[in-house]
Every structure is written in C-alpha cells, then in structure tokens.
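S.K.: Counting from 389, one number per residue, gives the positions in the sequence shown under this note's numbering.
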Amino acid sequence: MSQSPDIVRDFQRVPPELVKQASAFQPAILADVAGRRGALHGRISALRPRMKLAGSALTVEVRPGDNLMIHAAIALAKPGDVLVIDGKGDQSSALMGTIMMTACRQVGIAGVVIDGAVRDSLEIDDMDFPVFSVGTNPNGPTKVASGRIGHPVSVGGVAVRPGDLVVGDADGVVVVEREKVERLLQAAEKKVEDEAARIDAIKKGDTAAKWLESALRSAGVLKENETL
Numbered sequence: 389m390s391q392s393p394d395i396v397r398d399f400q401r402v403p404p405e406l407v408k409q410a411s412a413f414q415p416a417i418l419a420d421v422a423g424r425r426g427a428l429h430g431r432i433s434a435l436r437p438r439m440k441l442a443g444s445a446l447t448v449e450v451r452p453g454d455n456l457m458i459h460a461a462i463a464l465a466k467p468g469d470v471l472v473i474d475g476k477g478d479q480s481s482a483l484m485g486t487i488m489m490t491a492c493r494q495v496g497i498a499g500v501v502i503d504g505a506v507r508d509s510l511e512i513d514d515m516d517f518p519v520f521s522v523g524t525n526p527n528g529p530t531k532v533a534s535g536r537i538g539h540p541v542s543v544g545g546v547a548v549r550p551g552d553l554v555v556g557d558a559d560g561v562v563v564v565e566r567e568k569v570e571r572l573l574q575a576a577e578k579k580v581e582d583e584a585a586r587i588d589a590i591k592k593g594d595t596a597a598k599w600l601e602s603a604l605r606s607a608g609v610l611k612e613n614e615t616l
C-alpha cells in the first residue's frame with residue numbers, strides 16, 4: 389500500500405471571487421449561518437484587533453517549537469493562501485517572526501493563522517500583516533523536525549482541510565468547508581439584512597425578543613400561559 393506524501397502540492401482552492409465576497413462578512417455571521425460551528429477556539433486571536441484576513445487554507449502541521457515545514461509552505465504558497473498552522477498550541481517558543489512574515493507578504497500570502505506563538509509583534513504591527521496566534525514568545529524555534537503540508541489539520545479545535553475558506557477579524561477566525569462556501573455566502577447576505585432590520589426596529593422602540601417567552605417555557609422557567 390502506497391503511503392501518502394508528506395507534502396501535497398495540488399488541491400482545490402476557493403475561487404478568488406468567492407473569497408472577495410466572503411471578506412465582506414464578519415466571521416460571526418459566517419459561523420452563524422454554518423450552524424454555529426467552524427469557529428476556532430478563542431485562544432487564537434488577532435495580533436492586533438484591526439487585523440483581518442480571508443483566503444484559502446494552506447495547511448501545515450509542525451512539531452512543537454519547530455518551523456521547518458512552515459518555511460517549506462511559504463516556498464509552495466500561492467497568492468491569496470492563508471497559512472493555517474497546527475503548532476499544537478505550544479507557547480514555549482515562537483514559530484514565526486518578522487523575517488518569515490515579510491516573506492509571506494512578498495509571495496502574496498493573505499495572512500497567517502497559527503495554533504502557536506509568534507514574535508516580533510511590534511514589527512509585524514508596523515507591517516500591518518494579518519497574524520492570528522495564541523500569543524507571543526521571544527524564544528526562537530528549531531528547524532530540524534519533519535511535518536506535513538496540504539493535509540487536514542486540527543487548529544483551535546477545528547478540523548481544517550487544505551483549500552477551505554478562512555476568515556478572521558477582531559472576534560477570531562472561522563473556517564468554512566470549500567464546498568459549502570457559495571451556499572453559505574447567500575445565507576450570510578440574508579442574515580446581514582435580517583440583523584440590520586432587527587437593529588433598526590430596536591432603535592425605534594421594538595426591544596422585545598419575540599421568541600423569548602416561548603424559549604423560557606420550553607426551558608421550564610415559565611409555566612404555560614405565564615408571561616414575563
């Protein structure tokens with residue numbers, strides 16, 4: 389039986405026009421229409437709140453504290469890719485810093501999502517390159533351990549496949565399966581419209597949540613025919 393290669397170079401990505409459409413939506417909206425799933429654990433957050441990203445996942449799995457395969461992924465990346473790195477949540481050393489982030493920008497990578505630490509945060513801030521990580525650490529990594537590129541990974545408790553849509557903002561990061569993107573974008577557009585209408589109604593004095601009393605009865609908080 390043949391063994392799968394450690395580096396998968398070719399996989400389908402989300403079409404650029406759909407990535408552009410997705411970038412207009414908050415991850416919160418996309419997570420809602422995806423059934424309230426796909427959001428990475430909150431430990432992975434934007435290095436600075438203003439940072440945003442959207443693109444297709446180029447997945448990388450590394451050993452804790454080693455960034456050899458991240459260097460390889462940068463060499464293989466296509467413009468618009470988002471590096472999604474399974475760093476095992478390790479914060480004992482940074483896996484990326486200014487030099488690697490500069491290379492990412494130069495080759496057209498849209499941003500980095502890493503279940504691990506980074507460093508040179510002030511310089512990355514000056515670059516305004518979008519980075520989402522579990523934090524920072526000044527300690528540097530090794531470059532000796534093997535890993536994998538272009539395989540499914542687990543990042544922030546979410547399964548991410550190469551080519552899946554990745555969108556991030558100040559709230560965090562959400563991942564949408566590539567095959568579901570077009571349908572979910574249509575649902576996201578409707579949700580934005582519905583929420584705007586609800587906010588407008590609230591501003592006009594209609595603050596009552598129509599579903600609340602029914603939900604309270606279902607939860608046993610209110611008796612049948614009882615109201616707040």
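Ideal Cβ positions, reconstructed from N, Cα and C, are used throughout, including at glycine.
Would you call the region 514–528 in contact with the region 474–491, where contact means no fewer than 3 C-beta pairs closer than 8 Å?
M.R.: Yes, they touch.
S.K.: For M484, name the three-state secondary structure that DSSP assigns.
M.R.: strand
S.K.: Going by DSSP, name the residue or residues bridged to E449.
M.R.: BP columns for E449 point to D474, R536.
S.K.: Taking only the alpha-carbon atoms, compute the straight-line gap between S390 and R549 and give it to the nearest angstrom.
M.R.: Any reading at S390 must be qualified, since the residue scores a pLDDT of 47, below 50, and its modelled position is unreliable; no value is offered.
S.K.: Have a look at I539 and V470 and give me their C-alpha separation to the nearest angstrom.
M.R.: The question names Ile, but residue 539 is His in the sequence shown. Each residue's Cα considered, the two are about 14 Å apart.
S.K.: Can you name the start and end residues of the beta strand (DSSP E) that I587 belongs to?
M.R.: First-last for I587: 569–591, but that is the alpha helix (DSSP H), not the beta strand (DSSP E).
S.K.: Tell me the residue span of the beta strand (DSSP E) that contains L553.
M.R.: 553–557
S.K.: What's the C-alpha gap between G496 and V543?
M.R.: 22 Å
S.K.: With a CB to CB cut of under 6 Å and the five nearest residues on each side skipped, what residues in its chain are close to D394?
M.R.: R536
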